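**Q**
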Amino acid sequence: MVHGGKILVEALNVHGVRRISCVAGESYLPVLDALLDYPDIEVITCRQESGATFMADGWGNLEDGAPGIAMVTRGPGACNASIGLHTAMQASTPVILFVGLINTKDRGREAFQEFDLEQMFGSLSKWATVIDKVEDIPAVVAKAFHVVQSDRPGPVVIGLPEDVLFPKVSSIEPVKPLAVSEIVPKADDLAALQEALQEADKPIILVGGSLWRDEDCQALEGFAGATNLPVVTSFRRQDIFDHKHECYGGELGTGPNPKLVERMGQADLVLVLNARVNEITTQSYAIVQGGDQKIIHVYPSSSVFSKGCKADIEIESQIGPMVKALAGMKIDGGKWAAWCNGVRSDYEGWSDIDAAHEQNWDGADVTQIFGELRELLPEDTIITGDAGNFSGWVQRYLRYGRPGRLLAPVSGAMGYAVPSAVGASIARPDKTVVGFCGDGGFMMTGQELATAAHHGAKPIILVFNNSVFGTIRMHQEREYPGRHSGTDLTNPDFVKLGESYGVFAARVEKARNFKGVWSDALKSGKAALIEVVMDPRQSTTKSTL
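Final position of the sequence shown in my numbering is 550; the numbers increase by one with none missing.
(1) Mapping DSSP to helix, strand and coil, what is Leu198?
(2) Excluding the 5 residues preceding and the 5 following Ile388 in the sequence, name in chain order all residues of the same chain whose CB lies nearer than 6 Å to its CB.
(3) Can you list, in chain order, the residues of its chain with a C-beta nearer than 6 Å to that of Val100? Leave out the 5 residues immediately preceding and following it.
(4) Name the one or two DSSP bridge partners that Glu321 has.
(5) Inspect the beta-carbon positions of Val415 and Phe240 and report whether they are closer than 8 Å.
(6) Tell me which same chain residues have a C-beta within less than 8 Å of the C-beta of Ala1, skipping the five on either side of it?
(7) Quick one: what does DSSP say Phe447 is sitting in, helix, strand or coil?
(8) Leaving aside the five residues before and after Met449 along the sequence, list all residues of the same chain whose C-beta is less than 7 Å from its C-beta, in chain order.
(9) Which first and last residues belong to the beta strand (DSSP E) in which Tyr253 is found?
(10) What residues in its chain sit with their C-beta under 8 Å from that of Ala361, if we drop five residues either side in the sequence?
(11) Please state the DSSP three-state secondary structure of Arg410.
(12) Report the residue from Arg401, Gln294, Gln373, Leu211 whose alpha carbon sits nearest the alpha carbon of Pro263.
(13) Give a yes or no on whether the C-beta atoms belonging to Val14 and Val28 are separated by under 8 Å.
(14) Taking the DSSP output, what are the residues bridged to Gly487?
(15) Count the other C-beta atoms from every protein chain shown that fall within 10 angstroms of the C-beta of Gln271, then say buried if there are 16 or more, exposed otherwise.
(16) Figure out for me which residue from Trp523, Asp367, Val153, Ser306 has the closest Cα to the Cα of Val185.
(17) Taking the continuous beta strand (DSSP E) assigned at Arg24, which residues delimit it?
(18) Can you list, in chain order, the residues of its chain whose CB lies under 7 Å from that of Pro158, leaving out five sequence neighbours each side?
(19) So, helix, strand or coil for Thr287, using DSSP?
(20) In whole angstroms, what separates the C-alpha of Glu178 from that of Thr456?
(21) Quickly, what does DSSP pair Ile74 with across the bridge? List them, please.
(22) Which one or two residues does DSSP pair with Cys314 in a beta bridge?
(23) Do you know how far the Cα of Gln452 is from the Cα of Tyr551?
(24) How is Glu15 classed by DSSP in three states: helix, strand or coil?
(25) Judging by CA-CA distance, which residue of Val180, Asp193, Asp156, Gln124 is the nearest neighbour of Gly164?
(26) Straight-line CA distance for Ala231 to Glu47?
(27) To which residues of the same chain is Asp540 closer than 6 Å at the C-beta, ignoring the five residues directly before and after it?
(28) Gly530 to Lys463, Cα distance in whole Å?
(29) Skipping 5 residues on each side, what residues in its chain have a beta carbon closer than 8 Å to that of Asp273?
(30) Just reading off the beta strand (DSSP E) that Ile49 is part of, what are its end residues?
(31) Taking Ala413 as the reference, which of Ile358, Ile49, Gln95 has the closest Cα?
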């Protein structure tokens with residue numbers, strides 16, 4: 006006889022799960038108990054549920070399709086976890102969240118920590134369901150893994166009532182993983198795409214979305230190089246295309262290169278590969294909107310088509326078979342060479358850093374620090390980012406490309422960088438992992454440094470401290486100059502805070518001191534917190550307050 010928790014964990018084991026992030030709760034004690042019998046499944050104990058789901062989102066982006074797994078308890082835990090689900094939904098990240106629930110017989114009575122799981126998570130997930138019978142556990146788990154990876158990837162939420170987990174029953178065989186069908190482009194669509202490309206004079210490729218394997222990125226680089234096609238990335242998807250490649254033209258995110266935005270308007274054809282044509286990437290729907298410009302949109306789910314623009318050609322396909330098909334096309338791109346070179350030249354000018362002198366800020370010159378980082382970071386570094394004005398430097402000046410990775414919230418969620426960096430360091434202990442965040446974002450999930458210390462993770466967290474919510478302050482100055490409300494911050498001593506967690510901690514007040522502190526952080530052999538004191542007037546990479 007086994008309890009439902011054992012049946013659930015065996016189902017996860019059959020599906021290859023080797024890592025779970027969680028905040029423990031009494032509602033799913035049988036699951037925690039069963040995990041003791043599966044030492045190959047690592048249980049990462051987080052300090053808050055948003056940290057657990059942000060961590061799972063990071064894993065879902067790192068593992069080539071295998072979903073990140075998180076577990077939390079009833080109402081309060083589920084509410085805290087919801088921000089990670091929203092992030093995963095907007096980013097099309099495969100994540101499965103298991104939520105312990107009240108007894109089935111108590112539903113509808115406003116029982117302790119009761120909430121309606123399907124209603125709450127309905128718009129934040131691809132599928133939200135509650136298991137009502139222990140016998141259904143294997144089949145529901147198998148379906149969850151199938152749904153989370155099919156067509157457009159995304160999160161799934163499964164409710165686990167106590168009376169499904171605690172009672173002992175006869176052992177139930179798990180359901181083997183269900184095959185996920187590959188979505189391939191149709192021959193007619195490929196022919197139409199090839200004809201449209203060949204007829205274009207100023208084409209450009211816009212790439213984005215999730216689940217790009219290294220070989221997909223390499224195939225795209227080969228195709229772009231052979232055809233002189235410039236490639237730009239959507240918001241926080243820079244790791245898809247090598248920034249050193251002669252066809253790379255930059256990123257369309259917050260505060261993009263104005264010349265790139267102008268180039269997007271000049272292009273007579275935009276091939277959108279695996280990206281949603283969303284608000285940030287289109288600069289509030291000002292570009293990639295059709296008209297005289299031909300748009301070809303490739304995406305694994307037709308539900309996305311026409312949401313951000315009306316495409317001339319819509320191709321339903323996963324990115325793997327699509328880039329394989331592109332690599333086999335014979336296209337003469339000689340007439341675009343000057344156009345491609347111009348896009349590349351614009352990027353090189355935009356991302357250049359003048360390292361000759363340090364600006365006279367009341368704090369460290371952030372631009373100079375990123376000049377140092379560009380030389381210090383190994384090519385396979387994993388970067389995690391947060392939301393905030395500081396992220397403009399992460400987007401503009403760091404150079405990406407496989408095998409390095411970028412994990413950052415396209416939803417704009419604050420608090421993402423620290424837990425995702427901790428999770429990435431746990432998953433890839435041989436890699437340099439660096440998390441970038443502002444003082445505001447760090448204070449939302451910085452407690453996950455305790456998780457890093459507990460599990461031996463070694464990320465380096467850079468906290469850019471300007472003692473304000475910088476993005477909102479910038480907007481206040483634009484709309485109501487000189488009138489500030491709700492954006493001043495009082496912070497702890499970040500060095501003492503980091504030391505209290507048992508990690509290396511240091512403060513940088515001038516950029517010239519950064520390299521030495523960075524070296525000391527690496528030599529420490531443990532997680533590190535580096536506070537960068539930042540002048541609030543150094544608002545963005547291209548403006549001051």
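C-beta: ideal position from N, C-alpha, C; glycine also. Given the structure is predicted, the values throughout are model-derived calculations rather than measurements.
**A** On the basis of the data shown:
(1) helix
(2) Leu411, Val439
(3) Ala61, Asp62, Gly65, Pro72, Gly73, Ala93, Pro160
(4) Tyr304
(5) yes
(6) Residue 1 lies beyond the stretch modelled for the chain, which goes from 6 to 550, so this question has no answer here.
(7) helix
(8) Met419, Gly420
(9) 253-257
(10) In this predicted model, Ala361 has a pLDDT of only 49, less than 50, meaning its place in the structure is not dependable; the value taken from the coordinates is given anyway. If we look at Ala361 and ignore the five residues flanking it on each side, it has no Cβ neighbours.
(11) strand
(12) Arg401
(13) no
(14) Partner(s): none; Gly487 has no beta bridge.
(15) exposed
(16) Val153
(17) 24-27
(18) Ser97, Thr98, Pro99, Ser215, Leu216
(19) coil
(20) 34 Å
(21) Ile101
(22) Bridge partners of Cys314: none, in fact.
(23) Only positions 6 to 550 of the chain appear in this structure, which leaves residue 551 out of reach.
(24) helix
(25) Gln124
(26) 44 Å
(27) Trp366, Asp367, Gly368
(28) 7 Å
(29) Ala205, Asp206, Lys207, Pro208, Asp297, Gln298, Lys299
(30) 47-50
(31) Gln95
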